[in-house]
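*Asks:* The following block contains the structure, expressed as structure tokens.
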Amino acid sequence: MQEYFIEVGTSNYREGLYRRLSDLRALEGLPFELFELQSEAPYLVRCVYSTLEGRQAEDRLAFRIYNYYFARALAEIVFQEWERSYVKKVLVTEYNFDLRDINRFMAKFWPAYKENKQAFSDLKKRILIRSILEFLDSNQRFNIEGFMNFRADQYKRELRKQIAGAVENYVLDQEHQGFINMLKKYLAKQTAVFPTLNVIIKAWGEVQFYDDREQNVSRECLEDHYRSDLELHEDILIIAIIKCAPPRLVVHGLTDKYVNMMKILTEVFEEKVSICNGCPLCGNNH
């Protein structure tokens, strides 16, 4: 009578493998006995389906169904443990990341990118589960590292696409942070011109500046050749505001056009900046 079993080996993921296989039995009810054949690296376990009773056709069908759950469990080990090591390796070999960049990328950008690209991650998971299942259909011995190094090519292609997208986001963020730091240094060198600076955004796009006494100080804030422009460019406004170096900055009548400017001002001025949603100055912006 044919014996139905699967042997799984790993050099690096012993705890994750044993925990996931134990969950398959206890939580998902797969009817197999779990034997540790080798407790040291490389770790090796055998899962034996002793309940299959020798009816060849029925047993083969049941075994393939069980294999699907096995494939899913093995894929979870890859997602949770192997993938992280692989991403770090790619960051070093293909993007020349140093340890600081790797740690920052893995802590902030990789989890967030995967969450935002959930459909992409789901596709990648389906590809891996299918690849493992196809392998188990004709093999009773599975080594996690060996399979991932030599068999999971389509999955790794999709993973590398995901890494590339996340790296692009990371580089853009680094450039943005460099820009913000430059503006902060520039602000630190300025002398405060007004205790409070009110930035009034008119409904038609004109921007004016008022001090804490509600006096129009646009002339003092803007260079001569910009005063005639009703709708000032974002970069001109930001530099003009930073030059005034106000200890308190209030933006009135914020519109969608200036949302990005507001984001930058918030990063530069931090707790010194606020948005007013209603006051006499706001009432004059129509």
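Number 43 in our numbering belongs to position 51 of the sequence shown; there are no gaps in the numbering. Every residue, glycine too, gets a C-beta built ideally from N, C-alpha and C.
By the three-class DSSP mapping on this structure, what secondary structure does residue 157 have?
*Replies:* helix
*Asks:* Where are the alpha helix (DSSP H) runs, 4 residues long or more, that stay fully inside the stretch 118 to 195, in chain order?
*Replies:* 136 to 142, 145 to 180
*Asks:* Mind checking which residues open and close the beta strand (DSSP E) that includes residue -3?
*Replies:* -3 to 2
*Asks:* Is the distance from the Cβ of residue 157 to the Cβ of residue 69 below 8 Å?
*Replies:* No, Cβ-Cβ distance for residue 157 and residue 69 is not below 8 Å.
*Asks:* Within the stretch 78 to 102, note down every full alpha helix (DSSP H) run reaching 4 residues or more, in order along the chain.
*Replies:* Counting whole runs of 4 or more residues, the stretch 78 to 102 contains the alpha helix (DSSP H) stretches 91 to 96.
*Asks:* Just tell me which of 53, 180, 73, 204 has its CA closest to the CA of residue 273.
*Replies:* 204
*Asks:* Can the beta-carbon of residue 257 be found closer than 8 Å to that of residue 228?
*Replies:* no
*Asks:* Considering Cα atoms alone, identify which of 110, 250, 241 is closest to residue 304.
*Replies:* With the chain covering -7 to 278 only, the question about residue 304 has no answer from this structure.
*Asks:* With DSSP collapsed to three states, give me the class of residue 32.
*Replies:* Looking at residue 32 - three-state DSSP - the assignment turns out to be coil, as it is neither helix nor strand.
*Asks:* Measure the C-alpha to C-alpha separation of residue 265 and residue 91 and round it to an integer number of angstroms.
*Replies:* 35 Å
*Asks:* Could you give the distance in angstroms between the alpha-carbon of residue 251 and the alpha-carbon of residue 267?
*Replies:* Approximately 11 Å between the Cα atoms of the pair.
*Asks:* Which residues in the same chain have their Cβ closer than 6 Å to the Cβ of residue 27, if we skip the five residues on either side of it in sequence?
*Replies:* Same-chain partners within the cutoff: 38.
*Asks:* Short of 7 Å in beta carbon distance, which residues of its chain neighbour residue 12, apart from the five on each side in sequence? Order them along the chain.
*Replies:* 65, 68, 69
*Asks:* Could you tell me which of 5, 41, 50, 42 sits nearest to residue 32, measuring between CA atoms?
*Replies:* 5
*Asks:* Could you tell me whether the stretch 129 to 142 touches the stretch -5 to 4, using the rule of 3 or more Cβ pairs below 8 Å?
*Replies:* yes
*Asks:* Rounded to whole angstroms, what's the CA-CA distance from residue 214 to residue 244? Just pull it up for me.
*Replies:* 18 Å
*Asks:* What do you get for residue 255, buried or exposed, if any count of 16 or more other CB atoms within 10 angstroms of its CB means buried?
*Replies:* exposed
*Asks:* For residue 202, which residues of its own chain have a beta-carbon under 7 Å away from its beta-carbon, when the five flanking residues on both sides are left out?
*Replies:* 190, 192, 208, 209, 273
*Asks:* Relative to the alpha-carbon of residue 176, which residue among 152, 103, 126, 261 has its alpha-carbon at the smallest distance?
*Replies:* 261
*Asks:* Quick check on the burial criterion: 16 or more other C-beta atoms within 10 angstroms. Buried or exposed for residue 142?
*Replies:* exposed
*Asks:* Taking the alpha carbon of residue 232 as the point to measure from, which residue in 247, 62, 179, 196 has its own alpha carbon closest?
*Replies:* When 247, 62, 179, 196 are compared, the shortest CA-CA separation from residue 232 is found for 179.
*Asks:* Can you tell me whether residue 171 is buried or exposed? The criterion is at least 16 other CB atoms within 10 Å of its CB, across all chains shown.
*Replies:* Looking at its Cβ environment, which holds fewer than 16 other Cβ atoms inside 10 Å, residue 171 is exposed.
*Asks:* Please list, in chain order, all residues of the same chain as residue 285 whose beta carbon is under 6 Å from its beta carbon, the five residues on each side excluded.
*Replies:* Outside the displayed span of the chain (-7 to 278) sits residue 285, for which this structure offers no information.
*Asks:* What residues are listed by DSSP as bridge partners for residue 208?
*Replies:* 202
*Asks:* Beta carbon of residue 154, beta carbon of residue 119: below 8 Å?
*Replies:* no
*Asks:* Once the 5 residues before and after residue 34 are set aside, which same chain residues still bring their CB inside 7 Å of it?
*Replies:* Take residue 34, set aside five residues on each side of it, and the residues of its chain with a beta-carbon closer than 7 Å to its own are 1, 2, 3, in chain order.
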